[in-house]
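> Residue numbers (my numbering): 1 to 161.
Note that the Cβ used here is the ideal one computed from N, Cα and C, for glycine as well.
This is the structure, below, for whatever I ask next.
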């Protein structure tokens, strides 16, 4: 007896893809790129800062990524893209857990930006050109600088005791 043939899914609509890529771009900007080291072109985001909270910061960033991957799976993004996105999240999560260098790893690896690039590459013909992001709000830049300074001062004070 012959098995019934499944109908092929048409895949996600262009509107669904644009919404997903915009969501992924926004998440990548906040988590990987929203802050700049003054005088350099090096960007980092809230992923590196929340990673200063042991385990919880890495779980928070991975949770945002899992939401992105879940959203992508629901609209029918190909499995190979989903697997690569999951690999990026796993590497970022595992690297962020390494004591001492995990936060630097989070600032350099940028799994959210990599996942955005995967989606953008897969669906480039469906997407309109994406504009350049603006700078982070002043309150976030100042707060980030103060947090980095406070952590540096705390480490300096702790080491010289």
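Would residue 113 pass as a contact of residue 61 if the rule is Cβ separation under 9 angstroms?
In the chain shown, residue 113 corresponds to position 113, counting from 1. In the chain shown, residue 61 corresponds to position 61, counting from 1. No, these two residues do not count as a Cβ contact at 9 angstroms.
> At which residue ranges does the region 50 to 75 contain complete alpha helix (DSSP H) runs of 4 or more residues, listed in the order of the chain?
Runs of the alpha helix (DSSP H) inside the region 50 to 75: 56 to 75.
> Going by the CB atoms, is the gap between residue 44 and residue 33 shorter than 9 angstroms?
Locating residue 33 in the chain shown gives position 33, counting from the first residue. Locating residue 44 in the chain shown gives position 44, counting from the first residue. Going by C-beta atoms, residue 33 is nearer than 9 angstroms to residue 44.
> With a threshold of 8 angstroms on Cβ separation, who are the neighbours of residue 30 within its own chain once the five nearest residues in sequence on each side are excluded?
What you label residue 30 is simply residue 30 of the chain shown in a count that begins at 1. Once the five neighbours on either side are set aside, the close Cβ partners of residue 30 are 45, 46.
> Mind checking whether residue 82 and residue 91 have CB atoms under 9 angstroms apart?
As a working note, residue 82 is residue 82 in the chain shown. As a working note, residue 91 is residue 91 in the chain shown. No; because the gap between Cβ atoms is not below 9 angstroms, this pair is not in contact.
> Helix, strand or coil, according to DSSP, for residue 35 in the structure here?
Here the question's residue 35 lines up with position 35 in the chain shown. Correct three-state label for residue 35: strand.
> Where does residue 42 sit, in a helix, a strand or coil, going by DSSP?
Here residue 42 refers to the residue found at position 42 of the chain shown. Looking at residue 42 - three-state DSSP - the assignment turns out to be coil, as it is neither helix nor strand.
> By how many angstroms is the C-alpha of residue 125 removed from the C-alpha of residue 132?
Working through the chain shown from its first residue, we reach residue 132 at position 132. Working through the chain shown from its first residue, we reach residue 125 at position 125. Residue confidence is low: residue 132 scores 45 on pLDDT, short of 50, so the model does not pin down where it sits. Its coordinate-derived value is still stated next. Cα-Cα distance, rounded: 19 angstroms.
> Kindly list the residues whose CB is nearer than 7 angstroms to the CB of residue 86, restricted to its own chain and excluding five residues on each side of it in sequence; keep chain order.
For the purposes of this step, residue 86 is identified with residue 86 of the chain shown, where counting begins at 1. Here the set comprises 69.
> Along the alpha helix (DSSP H) that carries residue 161, what are the first and last residues, could you check?
In the chain shown, counting from the first residue as 1, residue 161 sits at position 161. Looking at the DSSP string, residue 161 is not in any alpha helix (DSSP H), and its letter there is neither H nor E.
> Are any of the Cβ atoms in chain B nearer than 9 angstroms to that of residue 60?
Although the question refers to chain B, the structure presented lacks it and comprises just one protein chain.
> Under 9 angstroms between the Cβ atoms of residue 103 and residue 51?
Here the question's residue 103 lines up with position 103 in the chain shown. Here the question's residue 51 lines up with position 51 in the chain shown. For residue 103 and residue 51, yes; Cβs fall inside 9 angstroms.
> Drop a sphere of 10 angstroms on the beta-carbon of residue 121, count the other beta-carbons inside from all chains shown, and report buried for 16 or more, exposed for fewer.
Here residue 121 is taken as the residue at index 121 of the chain shown, counted from 1. The residue in question, residue 121, is exposed, as its Cβ has fewer than 16 Cβ neighbours within 10 Å.
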